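Number of protein chains: 2
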Amino acid sequence: MTINLKTKSTTADEIALQLTKAIHTHRLQPGAKLREDELCDIFRVSRTIVRQSLHSLQHTGLVTILRNKGAFVAKPTLKEAREVFEARSFIEPAMARAAALRATPHDIAFLEQHMKAEKDALDREEVGEALRLSGDFHVQIARIADHALIQTLLAQLVARSALIIALYWRRRSALSDTASHMGLVQALRDQDADGAEVIMKGHLLDLLMQLDLSDSSSGPVSLKDALRK
Amino acid sequence: MTINLKTKSTTADEIALQLTKAIHTHRLQPGAKLREDELCDIFRVSRTIVRQSLHSLQHTGLVTILRNKGAFVAKPTLKEAREVFEARSFIEPAMARAAALRATPHDIAFLEQHMKAEKDALDREEVGEALRLSGDFHVQIARIADHALIQTLLAQLVARSALIIALYWRRRSALSDTASHMGLVQALRDQDADGAEVIMKGHLLDLLMQLDLSDSSSGPVSLKDALRK
DNA sequence: CAGGCGCATATTGTATACGATTTGTGGTGC
DNA sequence: GCACCACAAATCGTATACAATATGCGCCTG
Numbered sequence: 000m001t002i003n004l005k006t007k008s009t010t011a012d013e014i015a016l017q018l019t020k021a022i023h024t025h026r027l028q029p030g031a032k033l034r035e036d037e038l039c040d041i042f043r044v045s046r047t048i049v050r051q052s053l054h055s056l057q058h059t060g061l062v063t064i065l066r067n068k069g070a071f072v073a074k075p076t077l078k079e080a081r082e083v084f085e086a087r088s089f090i091e092p093a094m095a096r097a098a099a100l101r102a103t104p105h106d107i108a109f110l111e112q113h114m115k116a117e118k119d120a121l122d123r124e125e126v127g128e129a130l131r132l133s134g135d136f137h138v139q140i141a142r143i144a145d146h147a148l149i150q151t152l153l154a155q156l157v158a159r160s161a162l163i164i165a166l167y168w169r170r171r172s173a174l175s176d177t178a179s180h181m182g183l184v185q186a187l188r189d190q191d192a193d194g195a196e197v198i199m200k201g202h203l204l205d206l207l208m209q210l211d212l213s214d215s216s217s218g219p220v221s222l223k224d225a226l227r228k
Numbered sequence: 000m001t002i003n004l005k006t007k008s009t010t011a012d013e014i015a016l017q018l019t020k021a022i023h024t025h026r027l028q029p030g031a032k033l034r035e036d037e038l039c040d041i042f043r044v045s046r047t048i049v050r051q052s053l054h055s056l057q058h059t060g061l062v063t064i065l066r067n068k069g070a071f072v073a074k075p076t077l078k079e080a081r082e083v084f085e086a087r088s089f090i091e092p093a094m095a096r097a098a099a100l101r102a103t104p105h106d107i108a109f110l111e112q113h114m115k116a117e118k119d120a121l122d123r124e125e126v127g128e129a130l131r132l133s134g135d136f137h138v139q140i141a142r143i144a145d146h147a148l149i150q151t152l153l154a155q156l157v158a159r160s161a162l163i164i165a166l167y168w169r170r171r172s173a174l175s176d177t178a179s180h181m182g183l184v185q186a187l188r189d190q191d192a193d194g195a196e197v198i199m200k201g202h203l204l205d206l207l208m209q210l211d212l213s214d215s216s217s218g219p220v221s222l223k224d225a226l227r228k
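Quick mapping for you: the protein sequence lines, in order, are chains A and B. For what it's worth, numbering that gives the first Met the number 0 labels the leading residue of the first sequence as 0, then goes sequentially. For what it's worth, numbering that gives the first Met the number 0 labels the leading residue of the second sequence as 0, then goes sequentially.
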């Protein structure tokens, strides 16, 4: 499936969204170069618009722009990777708690359908899409908690998490989110705030465990440091 | 004091920084219009650069851009205001804890000097500058905790807090941050992580208490709603 | 043949020109 | 005199042209 190009009025936000999705589904790998002219051809817009979206993505941490060099899909360092998950562990348990207190039957149904969509994607062997949905699940919790600011923030952190997973994923096994997510939905259904918080905390810890964020395997920190003596 | 205009090469980031400072010190009020041409004249750059900074500030939540209308200093709604402080209360206590474990004597000295600068600003009756320093104190905690991601995030939230204070500040009294900040520095000196966390939590609650975030006084939610029936 | 210098090309950065939209104002008709 | 319409000014949005910078290739020299 190639990127959908509408007949008219492709806006900067749409391009950013498409790129985000491509990153989230691992169709775009960390470090990939994003040439402006190329994107212009793909989306049929002027460089002005493309540059807007690239700057926007830089702000969210998905893209790194090097002056006079160009835009690249970000490659989070180990420290950045740890910080992303640390930040998530500060925020998300509180969101799970809030969501448990506010979730309506409609919300529950939505989450269940969401998980089903993820499972279907896996059955179709669309691993990237399943990964994206799995991340989006977390964003939906913030939406249910009715916290727009953190919903936005979390969307960024989740997208960056996809980059981190692409770089530091340890095993070849599939993500085993399903159990945690199901447990969380159950807690929301029961309005069990404490349970939801605990499950979310554990779930994030699980995720972290499956990453190889040990210091040793770090790539070239800085050429200067790498060649020192 | 007018805005400093250098002889050459004023970059988009610099402009965004200057505007942020002006907002933070209440020299720019919520709702103020930011005309592009005007900023071009002030900073002696083309609209391209000005637009870059405005978009950047929109991303941080300090500026609202209305299509074909222009850029305005943001006016956080009550809900947004609550969300900002809620987010801070999720994050900052954890930062205070981490900072307590990492703070060096140098860091302590830095914070003490920082507080002195704030006091000096107050003595000079530069209330806006004192307010800015008081907010920056919180960002410095994240820096000491060595958490770059949250430091950036917190800088944004603190800046937005300045807008919220401008809109929803209840009394005319000066901010009484000093005591909390002093207590926090003492806890850092003692490497008292629990104490630091508790003080920070209480401090943020104090701040919130001094705001009038009750529902009633809300401005016009939407003209449609306001005129309904 | 190896190393380095310089030009040619590709790509990004910035300014400007042009088009679209909004908003205020003046005139005209009722 | 009031309301409505049309036009004009101001302002923003987009595309494009031009300038600056980096990079790769070929040639020249030792």
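We put the beta carbon where it would ideally sit given N, CA and C, even for glycine. The model shown is predicted, which means the values in this text are computed figures rather than measured ones.
Pair within 8 Å by beta-carbon distance, residue i and residue j
| i | j | result |
| --- | --- | --- |
| A/VAL261 | A/ILE22 | Coverage of chain A is limited to positions 0 through 228, which leaves residue 261 of chain A absent and any answer about it impossible. |
| A/ILE143 | A/ALA102 | yes |
| B/ILE187 | B/ALA108 | It should be noted that the sequence gives Leu, not Ile, for residue 187 of chain B. For B/LEU187 and B/ALA108, no; Cβs fall outside 8 Å. |
| A/ALA141 | A/LEU132 | no |
| B/ARG43 | B/THR19 | no |
| B/MET237 | B/PRO92 | The displayed coordinates of chain B run from 0 to 228. Any statement about residue 237 of chain B would go beyond what the structure contains. |
Cβ neighbour criterion (16 or more within 10 Å) applied to residue i
| i | result |
| --- | --- |
| A/MET208 | exposed |
| B/PRO104 | exposed |
| A/GLU124 | exposed |
| A/LEU204 | exposed |
| B/ASP106 | buried |
| B/MET0 | Because B/MET0 sits at a pLDDT of 40, beneath the cut-off of 50, its placement in the model cannot be relied upon, and the point is left open. |
Residues of its chain near residue i, where Cβ-Cβ distance is below 6 Å and the 5 sequence neighbours each way are ignored
| i | result |
| --- | --- |
| A/HIS202 | SER179 |
| B/LEU110 | VAL184 |
| B/SER88 | LEU203 |
Cβ shell of residue i (< 7 Å), same chain only, five flanking positions each side left out
| i | result |
| --- | --- |
| B/GLY30 | PHE71, VAL72, LYS74 |
| A/GLN51 | ALA11 |
| A/ALA165 | HIS25, GLN28, PRO29 |
For residue j and residue i, the rounded distance between their alpha carbons
| i | j | result |
| --- | --- | --- |
| B/THR177 | B/ILE90 | 21 Å |
| B/ALA97 | A/LEU156 | 20 Å |
| B/PHE136 | A/SER45 | 43 Å |
| B/LEU236 | A/ARG66 | Past the edges of chain B, shown from 0 to 228, lies residue 236 of chain B, and the structure says nothing about it. |
| B/THR59 | B/LEU38 | 19 Å |
| B/SER216 | B/ARG169 | Low confidence applies here, because B/SER216 scores a pLDDT of 47, under 50, leaving its location unreliable and the question unanswered by this model. |
| A/THR151 | B/LYS115 | 36 Å |
| A/MET94 | A/GLU196 | 8 Å |
| B/VAL184 | A/ALA80 | 29 Å |
| A/ASP36 | A/GLY69 | 11 Å |
| A/ALA192 | A/SER213 | 33 Å |
| A/LEU77 | B/ASP40 | 43 Å |
| B/TYR167 | B/LEU210 | 5 Å |
| B/VAL62 | A/ASP122 | 44 Å |
| B/ALA129 | B/LYS118 | 7 Å |
| B/GLY194 | A/ARG34 | 51 Å |
| B/LEU16 | A/GLU85 | 27 Å |
| A/VAL126 | A/ALA120 | 7 Å |
| B/HIS54 | A/LEU206 | 34 Å |
| B/GLN112 | B/HIS146 | 21 Å |
| B/LYS32 | B/THR47 | 18 Å |
Cβ-based neighbour list, residue i, same chain, cut-off 8 Å, excluding 5 preceding and 5 following
| i | result |
| --- | --- |
| B/VAL83 | PRO75, LEU156, ARG159, SER160, ILE163 |
| B/GLN190 | ALA99, LEU100, ALA102 |
| A/GLN57 | THR63, ILE64, ALA70 |
| B/VAL138 | GLN150, LEU153, ALA154, VAL157 |
| B/GLY134 | HIS23, VAL157, ALA158, SER160, ALA161 |
Closer than 7 Å: residue i CB and nearest the ligand ZN heavy atom
| i | result |
| --- | --- |
| A/THR9 | No copy of the ligand ZN occurs in the structure displayed, which carries no ligand at all. |
Quick one: complete alpha helix (DSSP H) runs, 4+ long, within the region 114-149 of chain A? Counting only runs of 4 or more, we get 126-143.
At 4 residues or longer, and completely inside the region 167-198 of chain A: list those alpha helix (DSSP H) runs for me, N to C. Qualifying alpha helix (DSSP H) stretches, in chain order: 176-188.
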